[in-house]
Amino acid sequence: MKTYEYQVLRYLPDRVSGEFVNVGLVLFQAESRFVKAGFIRSVSRVSSFFPGLDGRNLQRRLRHLEAMLEGYADRLNIDRQVRLERPTNLESVTNRFLVKDDTALQFSEVKYGLDDDLELTFDELYDRMVENYTPEVSEDIRTDYDVWKKLYRPLFEKRNITDRLQAHKVTTAKDVIEFPYAWKNEIWHCYEPVTFDLKKSDSVKNKVYRWVGRLDELRTAEEPITLQLLAALPTDDPELMAFVLDKLDNKVFGSATVSVVKQQEAEQFTRQVHEEIIEHETK
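Quick note on the numbering used here: the sequence shown kicks off at 70 and runs consecutively.
Okay, structure coming up:
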C-alpha cells in the first residue's frame, strides 16, 4: 500500500463567513512521482451559493490551474531537470501554482491515505469531495453520494435521523479514517453510502478490493465501532452481488464489525436506526 496526499481546492470568497464550495482536487504520491488534478467543469453550483460570482473568470482560473498541474505531472516523469527537483510533499507542488494569499481560491490542509490504485483512489475522492456538490443530471444512482442523496437521505430525513448524525474519525496505526454519518451510544455506529452498481464487473471488483484494504486498516484501531455500508448492489448480476457480500458483509476487522445494507432493506433499516436512537435518548 502506498501513502498518498491530497488537497481539496475551495472557492472561499468571504473569510469572515467561512462559506466555501469545493471546486477541485489534487492527489500526490512521492515515490511514484504521481500527480493528478481535477476541477469542476461547470460553475453553476458555485453561482447558486454566491450570486455575485464572475463565473467566466473562475472557469478561466480553474482551467489554467488544471493545465499547469497536468503539464507539471507530465514533465515530472520525462523532464530530467524536473525529476532532479523531485518534490517530497504535495504542498511543494500546489504552492508552485497557487500561493497562499487572500484570493478566493484556497487549497485545504493536506490529508493522507493508503492505497495501491491511485487512479481509482483519485476518482473516488473526486466523486466524494467535489462531485457531491455538483447538481445531478440523472436520477440513476451513479456515485456513492447518489446512494445517500437519492436513497437513504430521504428516508433518514423522514424520521428526523439526519440531524442526529455527525462525522466520526477513527485513528488507526497509519491513517485517520473518517465516516460521514455516525452516532454514539456505548460505541460509535457509523454509516457510509457506497455504490457497487457499476457498469463494468472489473470496476466493481476493484472497488470491493479497495474497501477490503481500507477496512483491513481498521484492525489497527483501538476503539470498537460498527460500520454499515449503505449499498447499491449489482442486482442484475447475482454472481457479482454475491462476490460483494462475500467480501464485505458480516465481517469483523479487529474491533470493527462491518455489514452491508441492501437497497430493499433501506426502509426497514432506517426504522431500526430510528428506534435505536430514540431508545438511547430516552434512557
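Just so it is clear, CB atoms sit at the ideal spot from N, CA and C, and this is done for glycine as well.
Remember, it's a predicted structure, so these values are computed and weren't measured experimentally.
Where does the unbroken alpha helix (DSSP H) through residue i begin, and where does it stop?
i, result
"S328", "No alpha helix (DSSP H) contains S328, which is instead part of the beta strand (DSSP E) from A325 to V330."
"A106", "Note, A106: premise wrong, no alpha helix (DSSP H); beta strand (DSSP E) at F103 to F108."
Measuring alpha carbon to alpha carbon, tell me which residue in the options is nearest residue i.
i, options, result
"T190", "F103, L314, E308 and T241", "F103"
"K105", "G121, E74 and P82", "E74"
"E100", "D83, N158 and R79", "N158"
"D184", "F338, R283 and A325", "R283"
"K219", "V263, D186, N164 and M198", "V263"
"T172", "F89, F322 and D285", "F89"
"Q98", "I147, Y80 and R155", "R155"
"P249", "T241, E255 and N201", "N201"
"G256", "K180, L296, P307 and R79", "Looking at the sequence shown, residue 256 is not Gly but Ile. Ranking the options by Cα distance to I256, first place goes to L296."
"R125", "M137, Q332 and V112", "V112"
"S272", "E135, F225, E193 and H237", "E193"
"A301", "E292, E291 and L314", "L314"
"T289", "C259, G323 and D318", "G323"
"L138", "Q128, K180 and L94", "L94"
"V327", "V179, K253, L234 and D285", "D285"
"P82", "S116, R110, K71 and V330", "S116"
"I347", "L234, Y195 and V179", "L234"
"H237", "K253, K320 and W217", "K253"
"R114", "E160, R79 and E247", "R79"
"E292", "E160, E350, V239 and D318", "V239"
"L224", "H349, T351 and Q332", "Q332"
In or out: residue i buried (at least 16 other Cβ within 10 Å) or exposed?
i, result
"V168", "exposed"
"F118", "exposed"
"K276", "buried"
"S207", "Caution is warranted here: a pLDDT of 37 is assigned to S207, below 50, making its placement in the model unreliable, and the coordinate value is therefore given only provisionally. Label assigned to S207: exposed."
"D305", "exposed"
"G121", "exposed"
"D213", "buried"
"Y221", "buried"
"V245", "exposed"
"I230", "buried"
"D215", "buried"
"H133", "exposed"
"Q76", "buried"
"V342", "buried"
"A335", "buried"
"T203", "Low confidence applies to T203: its pLDDT is 46, below 50, so where it sits in the model is not reliable, and the reading given next is rough at best. It counts as buried."
"G107", "buried"
"V162", "buried"
"N91", "buried"
What did DSSP end up calling residue i once you bin it into helix, strand or coil?
i, result
"T351", "coil"
"G121", "coil"
"V112", "coil"
"Q333", "helix"
"L138", "helix"
"E208", "Since pLDDT at E208 reaches only 45, below the 50 mark, its modelled position is unreliable, and the value read off the structure follows with that caveat. DSSP places E208 in coil when its eight states are reduced to three."
"R144", "helix"
In terms of residues, what are the limits of the beta strand (DSSP E) holding residue i?
i, result
"V90", "V90 to Q98"
"L81", "Neither: L81 is in no beta strand (DSSP E) and is coded neither H nor E."
Runs of alpha helix (DSSP H) lying entirely within the region 263 to 328, each at least 4 residues, in chain order: 270 to 286 and 307 to 317
message: My parser needs the alpha helix (DSSP H) runs of 4 or more residues fully inside the region 150 to 203; what are they?
response: 159 to 166 and 187 to 198
message: For a minimum of 3 consecutive residues, which ranges assigned as the beta strand (DSSP E) are wholly contained in the region 212 to 273?
response: 235 to 240, 245 to 253 and 257 to 264
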